[in-house]
Structure formats: C-alpha cells, structure tokens
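Taking UniProt numbering, the leading residue of the sequence shown gets 1, the next gets one more, and so forth.
Data block below; observations after.
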Amino acid sequence: MGHQLLLCSSIPHKKYAQTVSTLEALTGLQKPQDIATYTIITKPHNVFKPKVEAGKVNQIEQYYMKCTTTWDDKASASLDMASPVITGQSEVKVERLFTGEKKKQWTFHIADIPNAGKNAVSAQNFYESTMVHYHTRGTKPITSSEKKPESQQENADEIGASDSIAQEGKADNDDDLMVVDDPAAESQPTVEKESPVSAANAAELKDSFLQFLEDLGYDVINQYWVKGIRFFHGDIVIEIFKVFIRDDSDTSRSENDTRIPLKLLDETNTFQIKTYITYPKGTNVDTITKGSKDLTHLKGTLNNLFELEVPDRMFLDSRVSRTI
Numbered sequence: 001m002g003h004q005l006l007l008c009s010s011i012p013h014k015k016y017a018q019t020v021s022t023l024e025a026l027t028g029l030q031k032p033q034d035i036a037t038y039t040i041i042t043k044p045h046n047v048f049k050p051k052v053e054a055g056k057v058n059q060i061e062q063y064y065m066k067c068t069t070t071w072d073d074k075a076s077a078s079l080d081m082a083s084p085v086i087t088g089q090s091e092v093k094v095e096r097l098f099t100g101e102k103k104k105q106w107t108f109h110i111a112d113i114p115n116a117g118k119n120a121v122s123a124q125n126f127y128e129s130t131m132v133h134y135h136t137r138g139t140k141p142i143t144s145s146e147k148k149p150e151s152q153q154e155n156a157d158e159i160g161a162s163d164s165i166a167q168e169g170k171a172d173n174d175d176d177l178m179v180v181d182d183p184a185a186e187s188q189p190t191v192e193k194e195s196p197v198s199a200a201n202a203a204e205l206k207d208s209f210l211q212f213l214e215d216l217g218y219d220v221i222n223q224y225w226v227k228g229i230r231f232f233h234g235d236i237v238i239e240i241f242k243v244f245i246r247d248d249s250d251t252s253r254s255e256n257d258t259r260i261p262l263k264l265l266d267e268t269n270t271f272q273i274k275t276y277i278t279y280p281k282g283t284n285v286d287t288i289t290k291g292s293k294d295l296t297h298l299k300g301t302l303n304n305l306f307e308l309e310v311p312d313r314m315f316l317d318s319r320v321s322r323t324i
C-alpha cells in the first residue's frame with residue numbers, strides 16, 4: 001500500500017512553453033522525462049450486493065482497477081506536445097496494443113477515495129502491483145449454436161482491448177495461452193495447434209492479457225492514452241500531460257489501415273498538471289506532514305504561473321456503485 005499527496009491544475013496550450021521553461025529553471029532539469037502510457041479501466045464481474053439489515057453497516061467495497069503499460073509506437077514518438085492537436089486536421093493513430101512487442105510491463109492500480117475534510121492537499125491511499133506479461137493468443141472452435149453475428153465475429157477477430165470495448169466491454173470466454181515471467185517465451189513463443197474445424201466453425205482469437213483479466217474477475221470498460229512530460233523537484237513529481245481517447249467518429253482511414261485513430265479528451269488543447277508525493281506503507285506522520293508543507297510551498301512558488309488546487313475528492317472516487 002502507498003500514500004499519495006496531490007495537488008492539481010491546468011493550463012491553456014499557449015502557456016505550455018512558458019511553463020516548461022519556468023519548471024526547467026526551478027528544477028534544474030534541462031530535459032524532462034517523457035510520459036507515454038496506455039491505460040485500461042476495468043470493473044469487477046460481479047458487484048457485491050450487501051444484505052440490508054437494521055443497525056448493520058457493511059464495510060465491503062469494490063473498486064475499479066487501472067491497468068497501465070507503456071505507449072511506445074511511432075505515433076507516440078512523433079507526437080509533438082508543443083504543437084496543438086487540431087480536431088479534423090491532426091492525425092494521431094496508434095498501433096493496436098498486442099501487435100507489437102509481446103513483452104509488456106503492466107501496473108495494476110486500485111485507489112481508495114481521498115481523505116475527507118478541509119486539507120491543504122489531497123491525501124489518498126492506493127495499492128499497486130506490477131506484472132511482466134508475455135502476450136500470446138489462443139484459439140477455440142465455435143460451434144454452430146455458439147456462432148456470433150457477423151459484426152460481432154469480425155470484432156472478436158481483432159487484436160487488443162480497443163475493439164472489445166467497442167462492442168460494449170466483455171468478450172466471450174475462450175481458451176488462451178498465457179505465459180507470465182517466462183524469458184524463454186519471448187524468443188520461442190508457445191504455439192497452440194488449431195484443431196481442424198469445418199468451414200461453418202470459425203476460430204475466435206483473444207490476447208492472453210484480456211483472458212488474464214477475465215480470469216482475475218474484471219471486465220474491460222474503457223481506455224485512454226496519456227502523453228506529456230515529467231519534472232522532479234526534491235520529492236515532488238510534476239507532470240504536464242494531455243489525455244487521448246479513441247475516435248470512433250473517424251471514417252477517413254482505409255480498410256488496410258488497422259491503426260486506431262485518437263482524439264483529445266479535452267478538445268481545447270488544455271494541459272493537465274499533477275504535482276504529487278508518494279510514500280510507501282508505514283511512513284510516519286511527521287514525514288507526511290513535511291510533504292504536505294513542501295507541496296503547499298510549491299503552490300506558493302508557482303502561484304503566478306498556474307494555481308495548484310485540491311481536486312474534488314468525489315472525482316477521485318473509484319468505488320463501484322452497488323445496486324441493492
């Protein structure tokens with residue numbers, strides 16, 4: 001478990017160059033660290049429904065889980081954050097997640113709702129775990145009674161979480177190959193021989209990471225891409241970034257173009273800013289108090305550049321709503 005102190009802000013695109021120059025002078029970093037991530041949002045299969053009884057308070061909670069990995073294709077490398085992304089003119093198209101490298105590091109993140117009260121900074125507990133995964137694919141014959149409509153069948157044959165989400169989330173269960181933490185798998189991937197099936201029985205394919213999430217008990221419900229830069233000022237991390245989502249309204253791509261078109265979540269080209277300090281479990285109160293003062297001091301230092309604020313805690317509430 002970790003503990004994070006957080007302040008947030010935003011700036012218009014026209015102030016990006018000034019902000020970067022100021023932070024370079026403040027932190028002493030002439031080349032900030034690049035941020036390029038892809039995140040899948042998942043939800044538990046079965047939402048817990050507590051039994052309502054007088055005088056009984058149920059403390060069991062379920063949370064959405066974020067699964068984050070690197071975004072390292074050509075689109076990420078060529079995207080210039082100093083230039084605005086203009087809707088209808090800029091083409092940002094990413095490769096499908098599981099068509100490139102088979103080895104990926106996934107970080108699983110579950111966060112509690114931030115502490116209540118009038119605090120100088122937002123304080124939130126979270127749990128994280130990182131897994132090295134070797135992406136493989138499996139096959140399963142589909143019987144005539146199980147065969148899906150043509151539109152859904154084409155969707156199931158696509159690779160990656162994107163088209164699964166486009167068909168309203170969860171894909172059908174199927175057998176798959178999954179190798180975790182096996183270095184030999186990258187050089188010699190395991191191949192499952194397909195059993196002969198008739199022309200009426202197609203083969204349904206799915207990446208093993210999606211199958212892993214299903215086995216873990218989670219459905220994929222959304223996704224987004226993040227591109228930006230990161231500064232370090234003592235223990236404080238300062239991130240400036242934009243969020244991209246899938247653009248399903250783009251009809252300009254050719255049939256041979258399998259890439260996914262993206263658009264800005266905020267089409268005004270506004271940059272989001274996060275300043276935070278992360279502490280491991282068991283950190284003493286004095287250290288956390290000092291971190292709060294450091295963030296408050298940074299807020300005063302950058303007050304003429306942008307105003308750091310405590311985000312609304314309800315916007316950071318990742319608990320799954322329960323239907324009684």
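Glycine included, every Cβ here is placed at the ideal spot set by N, Cα and C.
Whose C-beta lies closer than 6 Å to the C-beta of residue i among residues of the same chain, with five residues either side of it excluded?
i, result
"glutamate 61", "Arg319"
"serine 83", "none"
"lysine 104", "Thr69, His133"
Where DSSP assigns a beta bridge to residue i, which residues make up the other side?
i, result
"leucine 264", "Phe244"
"methionine 1", "According to DSSP, which records beta bridges pairwise, methionine 1 is partnered with nothing at all."
"isoleucine 41", "Lys66, Asn222"
"histidine 135", "None; histidine 135 has no bridge partner."
"serine 122", "Leu6"
"isoleucine 229", "Asp34, Ile240"
Using DSSP with H/G/I as helix, E/B as strand and the rest coil, what is residue i?
i, result
"glutamate 128", "strand"
"histidine 109", "strand"
"valine 20", "helix"
"threonine 270", "coil"
"isoleucine 237", "One point to set straight first is that residue 237 is valine, not isoleucine, in the sequence displayed. The answer is strand: DSSP assigns valine 237 an E or B state."
"arginine 313", "helix"
"isoleucine 35", "strand"
"glycine 300", "helix"
"valine 285", "helix"
"threonine 27", "helix"
For residue i, does the count of other Cβ atoms within 10 angstroms reach 16, so buried, or fall short, so exposed?
i, result
"valine 47", "exposed"
"alanine 116", "exposed"
"aspartate 286", "exposed"
"proline 114", "buried"
"phenylalanine 232", "exposed"
"aspartate 73", "buried"
"threonine 275", "buried"
"serine 277", "Strictly speaking, residue 277 in this sequence is isoleucine, with serine absent from that position. By the 10 Å Cβ count, isoleucine 277 comes out buried."
"glycine 217", "exposed"
"glutamate 192", "The pLDDT assigned to glutamate 192 is 44, lower than 50, so where the model puts this residue is not dependable; a value taken from the coordinates is nonetheless given after this. Exposed: under 16 other Cβ atoms inside 10 Å."
As a quick exercise: from the options, pick the residue whose alpha carbon is nearest that of residue i.
i, options, result
"histidine 109", "Ala120, Cys8, Met65", "Met65"
"serine 9", "Thr70, Leu295, Ile41", "Leu295"
"histidine 3", "Val121, Ala36, Val226, Lys227", "Val121"
"aspartate 248", "Glu239, Gln223, Thr70", "Gln223"
"alanine 17", "Val132, Ile229, Leu216, Val52", "Ile229"
"glutamate 128", "Thr136, Thr107, Lys118, Asn119", "Thr107"
"methionine 314", "Ala123, Met131, Thr22", "Ala123"
"valine 243", "Tyr38, Gln30, Thr27", "Tyr38"
"serine 292", "Glu53, Asn119, Ser78", "Asn119"
"leucine 79", "Lys227, Gln272, His45, Gln211", "Lys227"
Take residue i and list the residues in its own chain whose beta-carbon comes closer than 7 Å to its own, dropping the five residues that flank it on each side.
i, result
"isoleucine 260", "Lys93, Val94, Arg96, Ser162, Arg246"
"aspartate 317", "Ile113"
"valine 85", "Val92, Leu264, Asn269"
"glutamate 307", "Ser9"
"histidine 135", "Phe98, Lys102, Lys104, Asp207, Ser208, Phe209"
At a threshold of 6 Å, does residue i count as lining the ligand GTP (C-beta to nearest heavy atom)?
i, result
"lysine 293", "Summarising the ligand content, the structure contains no ligands, and the ligand GTP is consequently not present."
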